[in-house]
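Positions in the sequence shown are counted from 1; adding 1060 to them yields the numbering used here.
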Amino acid sequence: MSIKPLVFAVLSVVSAVSFADENAAGTFYLGLDAGSGKVKKKDPLTPSYRVTSETNRVDGGRLYIGYQITPKLSVELGAVRPSDYKQSATNGVISYNARVETKNHDLTFFYKLPEVLPGLYVLAGATYSTINTTVEVPAARRITSVRKTDTDFTWGAGYEVRLFDNVDGRIMYARYAGADLVTVGLKYRFR
1061 MSIKPLVFAV
1071 LSVVSAVSFA
1081 DENAAGTFYL
1091 GLDAGSGKVK
1101 KKDPLTPSYR
1111 VTSETNRVDG
1121 GRLYIGYQIT
1131 PKLSVELGAV
1141 RPSDYKQSAT
1151 NGVISYNARV
1161 ETKNHDLTFF
1171 YKLPEVLPGL
1181 YVLAGATYST
1191 INTTVEVPAA
1201 RRITSVRKTD
1211 TDFTWGAGYE
1221 VRLFDNVDGR
1231 IMYARYAGAD
1241 LVTVGLKYRF
1251 R
């Protein structure tokens, strides 16, 4: 006997019971997500260089405030802070060490799909990023910093379940400004 059908059945029953009472429209909530993910491989900062090491895994957190517009639709304003991305590269003679610090702010819409699976939702929105890049060239004893801003799309999906009276737990996958994050979190609903 396969365990997958049993897990799916238990998950369906738990989620149906947990979400029998849909979230009421017109309520505010506050939450915190934490997780880990991957960043897509980056090219060297200078084309003639070869990457010798880089960070491909990031950890991060997201603090957000949200508003339940309808029982199925909500909007969130969040701040995402992933860990720094680091890269080292060389051209055989000169090497550099780079560190990229990113701070993201997002406006995201969440739409619940209870007809598919109670607790399932999709998300889409926009992310505004502030990116600080610091490059150190040890041979030249030089450090350079560059700051830029960028706007990108946010999208993903997740699953939410009621844990206590006003507290929900959730797990989600989301793409935030070049980083794929899988997060778990808690959400407190004000009544």
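The C-beta atom is built at its ideal place from N, Cα and C for all residues, glycine as well.
From a predicted model like this one, the values you see are computed outputs, not experimental measurements.
Secondary structure of residue i, DSSP reduced to three states
| i | result |
| --- | --- |
| P1107 | coil |
| A1200 | helix |
| D1225 | coil |
| G1095 | strand |
| A1076 | Bear in mind that a pLDDT of 46 at A1076, under 50, signals an unreliable position, so the model cannot answer this. |
| V1140 | strand |
| L1090 | strand |
| D1081 | With a pLDDT of only 48 at D1081, under 50, the local geometry of the prediction cannot be trusted, and the value read off the model is given with reservation. Correct three-state label for D1081: coil. |
Identity of the residues DSSP links to residue i by a beta bridge
| i | result |
| --- | --- |
| F1170 | S1134, L1183 |
| R1207 | N1192 |
| K1163 | T1190 |
| E1220 | R1230 |
| E1114 | Q1147 |
Residue burial classification, residue i (beta-carbon count within 10 angstroms, cutoff 16)
| i | result |
| --- | --- |
| I1226 | Inspection of the sequence shows that residue 1226 is occupied by Asn rather than by Ile. Burial call: exposed. |
| V1073 | Unreliable positioning characterises V1073 in this predicted model, as indicated by a pLDDT of 46, which lies under 50. A coordinate reading is not provided. |
| G1185 | buried |
| G1245 | buried |
| P1142 | buried |
| A1139 | exposed |
| G1095 | buried |
The beta strand (DSSP E) enclosing residue i, as first and last residue numbers
| i | result |
| --- | --- |
| G1086 | Counting along the chain, G1086 falls outside any beta strand (DSSP E), and DSSP gives it neither H nor E. |
| D1144 | Looking at the DSSP string, D1144 is not in any beta strand (DSSP E), and its letter there is neither H nor E. |
| I1125 | 1117-1128 |
| R1249 | 1239-1249 |
Residue i CB to nearest heavy atom of the ligand MG below 6 angstroms
| i | result |
| --- | --- |
| S1143 | Among the components modelled here there is no ligand, and therefore nothing to report on the ligand MG. |
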